[in-house]
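First comes the structure, then the notes that go with it.
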Amino acid sequence: MLRYIIKRLLFVIPTFLGVSLITFALIQLAPGSPVAYKLRGEGGAMRANFETEKIIEQTKALYGLDKPIIVQYLLWLRRIITLDFGKSFKDQRFVMEKIWETLPITLQFTILETFLIYLIAIPIGAYSAVRSRSFLDQLITIILFLLYSLPSFWVAMLLIMFLGGGDWWNLFPVNGINSIDAYAYPWWKWLLDRLWHIVLPLFCMTYGGLAGLSRYMRTGMLDVIKQDYIRTARAYGLSEKMIVFKYAMRNSLIPIVTIFGGLLPGLISGSVIIETIFSIPGMGRLGFEAVLSRDYPLIMGIFTISTFLTLFGLIINDILYALVDPRIRLE
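To convert, take the position in the sequence shown, counting from 1, and add 275; that gives the working numbering.
So, in structure tokens, the structure goes:
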């Protein structure tokens, strides 16, 4: 296994270079300019005293935008080694400083979201497969399809209207992740305040993935329980509980493992819409603002971490395959 992991890690290098080159080119081809954004006035128009070629060229030289595209890309690759992505074009703060401020918040949401999705979806999917075509299975299917079809921003607005002090009850806060004076609370009260603030956004981030994953689990279980070895286990008189949990469920986890690896990029990307609606200072909102302001160093910093997480997730997938199904060998 160690030899296989080393091979996969070496394969990450050319893959990352190819993906980074394409992404860098797409960002450069996007309309707009960080120089124009930097020199733009409050009213949205370029200020008259800055509308000279001299000022524009000085700004380009300051940010290194006067160099050829390939030189800019090579300079950026050199900074990746030390995780030095320079300073943000928008506020001249270090990119990694801004990322480290927002990353823990997004990690909290993503870890809780992933835990809740798998904790609820796997039992629901397994139960629907075992009780296939029953009334409860059909009811669960209808409810999950309804949840899957509801857009998160619409659900968020409904929750704010009915539970966040809109037109009905004011049960949950809808701004930020803590109260203004939460820093003075004891740790247990601070924790309760944090949980109280994230209930609504966490629900909006969870219900769609829960509905989709449970359907994957149901499909996988239905395929497994129709196999010959399951019928053989029943013929030997094994209990249904042992057949489902020891044999069927484990072998139906392959698609679930695949989806789990794909969730790792979500640790850095977050949910742009939900973070914006609930004023959550997470990575998704940070990346969205970076794109709007053409903040190339910040965009490339977020992209780099996302790419590494994606490639690392693919390696984790292969290792988990062998752990879930002994018939799979990494070689």
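Heads up, the beta-carbon is just placed ideally off N, CA and C, and yes, glycines get one too.
Just so you know, these numbers come straight off a predicted model, no measurement behind them.
Just to confirm my understanding: we take residue i, look at its own chain, exclude 5 residues before and 5 after, and list those with CB closer than 7 Å. What are they?
i: T481; result: E388, L391, I392
i: L358; result: M371
i: V287; result: L586
i: I355; result: T579
i: I548; result: S427, F428
i: T298; result: F578
i: T290; result: L586
i: L477; result: F384, L387, E388
i: S407; result: L497
i: A523; result: M496, V499, I500, I505
i: Q502; result: none
i: A457; result: W465, D468
Between residue i and the rest of its own chain, which residues show a CB-CB distance below 8 Å, the 5 nearest in sequence each way excluded?
i: G609; result: Nothing can be reported for residue 609: it is not among the residues displayed for the chain, which extend from 276 to 606.
i: K362; result: R368, F369, V370, P572
i: N453; result: W465, D468, R469, H472
i: G483; result: L422, Y423, L425, S427
i: W463; result: none
i: I534; result: L488, Y491
i: I455; result: none
Given that a residue counts as buried once 16 or more other Cβ atoms are within 10 Å of its Cβ, and exposed if not, what is residue i?
i: M517; result: exposed
i: D442; result: exposed
i: L475; result: buried
i: Y402; result: buried
i: D570; result: buried
i: R509; result: exposed
i: K373; result: buried
i: L301; result: exposed
i: A459; result: exposed
i: L277; result: exposed
i: V346; result: exposed
i: G495; result: buried
i: N526; result: buried
i: L285; result: exposed
i: R560; result: buried
i: L410; result: Here the sequence assigns Phe to residue 410, which means Leu is not the residue at that position. With fewer than 16 Cβ atoms within 10 Å of its Cβ, F410 is classed as exposed.
i: I500; result: buried
i: F520; result: exposed
i: I281; result: exposed
i: I555; result: buried
Could you pull the DSSP bridge partners for residue i from this structure?
i: F369; result: K362
i: N445; result: G439
For residue i, which residues of its own chain have a beta-carbon under 6 Å away from its beta-carbon, when the five flanking residues on both sides are left out?
i: V430; result: C479
i: I399; result: S489
i: L438; result: W444, L446, F447
i: I395; result: L485
i: I552; result: A431
i: Y348; result: F299
i: G562; result: I577
i: I415; result: S403
i: I397; result: M492
i: L598; result: none
i: N450; result: S554
i: K365; result: S568, D570
Self-check item: Touching by the beta-carbon criterion (3+ pairs, under 8 Å), the region 293 to 301 and the region 566 to 586
Solution: yes
Practice problem: List in chain order: all unbroken alpha helix (DSSP H) runs of 4+ residues lying wholly within the region 538 to 590. | Solution: Correct list: 541 to 544, 547 to 552, 558 to 567.
Quiz item: Can we say the region 414 to 423 touches the region 481 to 498, given the rule of at least three CB pairs closer than 8 Å?
Solution: yes
Exercise. Mind listing, in chain order, the continuous alpha helix (DSSP H) runs of no fewer than 4 residues lying wholly within the region 503 to 543?
Key: 503 to 510, 529 to 538
Quiz item: On the three-pair Cβ rule with 8 Å, is the region 562 to 577 touching the region 523 to 534?
Solution: Between the region 562 to 577 and the region 523 to 534, the count of Cβ pairs shorter than 8 Å is below three; the stretches do not touch.
Quiz item: Which whole runs of the alpha helix (DSSP H) in the region 389 to 467 are 4 residues long or more, in chain order?
Solution: 410 to 424, 427 to 438
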